[in-house]
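Inspection log for the structure reproduced underneath, given as structure tokens.
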Amino acid sequence: MSTRFLFISFTVLSFGSFCQQGIPYNLKQEDQIIILPAELREVSGTTSIDAKTLACVQDEEGIVFIYDLKSKTVSQKIHFSGPGDYEGIATVGKDMFVLRSDATLFRIRNYQSAKWSLDSIATGIPNKDNEGFCFDHKNNRLLIGSKSKIAKGAEFKNLRTIYAFDLKKNKLNPEPLYTYDITSIKEFAVRNKIELPTRPSKKKPNEEEPALKFQISGIYIHPESNLLYVLSASDYYLFVFNPEGEIIHLEVLDPQKFNKAEGIAIMDNGDLYISNEGQNGDPKILLFKEKM
Numbered sequence: 473m474s475t476r477f478l479f480i481s482f483t484v485l486s487f488g489s490f491c492q493q494g495i496p497y498n499l500k501q502e503d504q505i506i507i508l509p510a511e512l513r514e515v516s517g518t519t520s521i522d523a524k525t526l527a528c529v530q531d532e533e534g535i536v537f538i539y540d541l542k543s544k545t546v547s548q549k550i551h552f553s554g555p556g557d558y559e560g561i562a563t564v565g566k567d568m569f570v571l572r573s574d575a576t577l578f579r580i581r582n583y584q585s586a587k588w589s590l591d592s593i594a595t596g597i598p599n600k601d602n603e604g605f606c607f608d609h610k611n612n613r614l615l616i617g618s619k620s621k622i623a624k625g626a627e628f629k630n631l632r633t634i635y636a637f638d639l640k641k642n643k644l645n646p647e648p649l650y651t652y653d654i655t656s657i658k659e660f661a662v663r664n665k666i667e668l669p670t671r672p673s674k675k676k677p678n679e680e681e682p683a684l685k686f687q688i689s690g691i692y693i694h695p696e697s698n699l700l701y702v703l704s705a706s707d708y709y710l711f712v713f714n715p716e717g718e719i720i721h722l723e724v725l726d727p728q729k730f731n732k733a734e735g736i737a738i739m740d741n742g743d744l745y746i747s748n749e750g751q752n753g754d755p756k757i758l759l760f761k762e763k764m
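Structure, rendered in structure tokens:
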């Protein structure tokens, strides 16, 4: 690993006096539940291909599953690599990109062709656990969200990062695009009277503190509003940030409904799909339609 990433300087986003803004989805009531086949029990990433098709990966095998939303079946499988911890997927024109947790990218060129080819790219992101992944069409780049902190040390404990991979230059921008401070997000919740789940405080055992890990598990940019939707599966949250990286919405998710929400995709018509790993039940995709 190159050491050039370990000594970068970055700007931590503070969220000032931003007020909670609504989103056009009621995440308390899905419009449809789609039961996925058993081979997608460990579904870890989704992306839209067209109005009726999603592409999925699961975190054990190097296979892209093309899923037909109309017939509710896997219409195609692309075996692109061996076993591994695959966490994200993004469609860019005729190519498909897959993110492995160690921040290695796999580019499947002309994935719809029988003669597709494969490139692998070691991005060099220092974070050891990377799960958020999406295509930023407006800026022709891929975004990679890290579940873990950027480095060891108390000063990095509350920081989470999203990097940008420039598709024109075919390389990672060395400094994080966004660096979020968990403390500032908690302050945003307090200002906007958002009640967060609590846990016993480590420093004050007789007191409770907000339970917020902000471990990025899925990201997606809304095609119309250009807002960034961010999932944190481990503690059941959805965050929404504007293009400047400022938080505008925080929602506590129902643990029963979102048992392990790791995949997110938003169609051109605004339909929001969130996938859940199977764990003790069937793997599912929940559909939420935009509410006018």
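Residue numbers for the sequence shown follow this note's numbering, so the first one is 473 and each next one is one higher.
Note that the Cβ used here is the ideal one computed from N, Cα and C, for glycine as well.
Asked, Found
"Less than 7 Å between the C-beta atoms of tyrosine 539 and phenylalanine 760, yes or no?", "no"
"What residues match up with leucine 703 in a beta bridge as DSSP calls it?", "Gly690, Leu710"
"With DSSP collapsed to three states, give me the class of phenylalanine 490.", "coil"
"Since cysteine 451 contacts glycine 735 with CB under 8 Å, what's their CB separation in whole angstroms?", "The chain is shown from 473 up to 764; residue 451 falls before or after that span and cannot be answered."
"In this structure, what does DSSP give as the bridge partners for methionine 568?", "Thr563, Ile580"
"Which whole-angstrom value describes the C-beta separation of isoleucine 691 and leucine 615, a residue pair presumed to lie in contact below a C-beta threshold of 8 Å?", "6 Å"
"Quick check: what's the CA-CA separation for glycine 695 versus alanine 626?", "Strictly speaking, residue 695 in this sequence is proline, with glycine absent from that position. Whole-angstrom Cα-Cα distance: 37 Å."
"Which one of Ile580, Asp638, Lys600, Ile597 has the shortest CA to CA distance from aspartate 608?", "Asp638"
"So, phenylalanine 628 versus isoleucine 719, is the Cβ gap smaller than 7 Å?", "no"
"Short check: CB of serine 747 to CB of isoleucine 738, under 7 Å?", "no"
"Could you spell out the range, first to last residue, of the beta strand (DSSP E) harbouring glutamate 680?", "680-682"
"Less than 8 Å between C-beta atoms, sequence neighbours within five positions excluded: which residues of the same chain meet that for alanine 683?", "Leu668, Pro669, Thr670, Arg671, Asp707"
"According to DSSP, is lysine 610 part of a helix, a strand, or is it coil?", "helix"
"Report the three-state DSSP secondary structure of threonine 655 (helix, strand or coil).", "helix"
"As an exercise, report each continuous beta strand (DSSP E) stretch of at least 3 residues that is fully enclosed by the region 490-569, in chain order.", "504-507, 515-522, 525-530, 533-540, 545-551, 558-564"
"Could you check the C-alpha separation between aspartate 754 and valine 662 for me, to the nearest Å?", "36 Å"
"Suppose you measure from the CA of glutamate 749 to the CA of phenylalanine 713; what does that come to, to the nearest Å?", "25 Å"
"Cβ atoms of alanine 594 and threonine 576: under 7 Å apart, would you say?", "yes"
"Is DSSP giving phenylalanine 760 helix, strand or coil here?", "strand"
"Three-state secondary structure (DSSP) at phenylalanine 605?", "strand"
"Under three-state DSSP, which class holds phenylalanine 660?", "helix"
"Under a Cβ-count criterion, where at least 16 other Cβ atoms within 10 Å of its own Cβ denotes burial, should glycine 565 be classed as buried or exposed?", "exposed"
"In this structure, does DSSP put leucine 744 in helix, strand or coil?", "strand"
"Determine the direct distance from the alpha carbon of threonine 525 to that of glutamine 548, and round the result to whole angstroms.", "11 Å"
"State the DSSP-derived secondary structure class of alanine 626, mapped to helix, strand or coil.", "helix"
"Nearest-angstrom Cα distance between phenylalanine 686 and serine 697?", "23 Å"
"Can you tell me the Cα-Cα spacing of serine 573 and leucine 744, whole angstroms?", "24 Å"
"For serine 689 versus leucine 703, is the C-beta distance shorter than 7 Å?", "yes"
"Give the straight-line distance between the Cα atoms of alanine 731 and alanine 705, rounded to the nearest whole angstrom.", "For the sequence presented, residue 731 should be read as asparagine rather than alanine. Straight-line Cα distance between these residues: approximately 8 Å."
"Under a three-way DSSP split, which group does lysine 643 fall into?", "strand"
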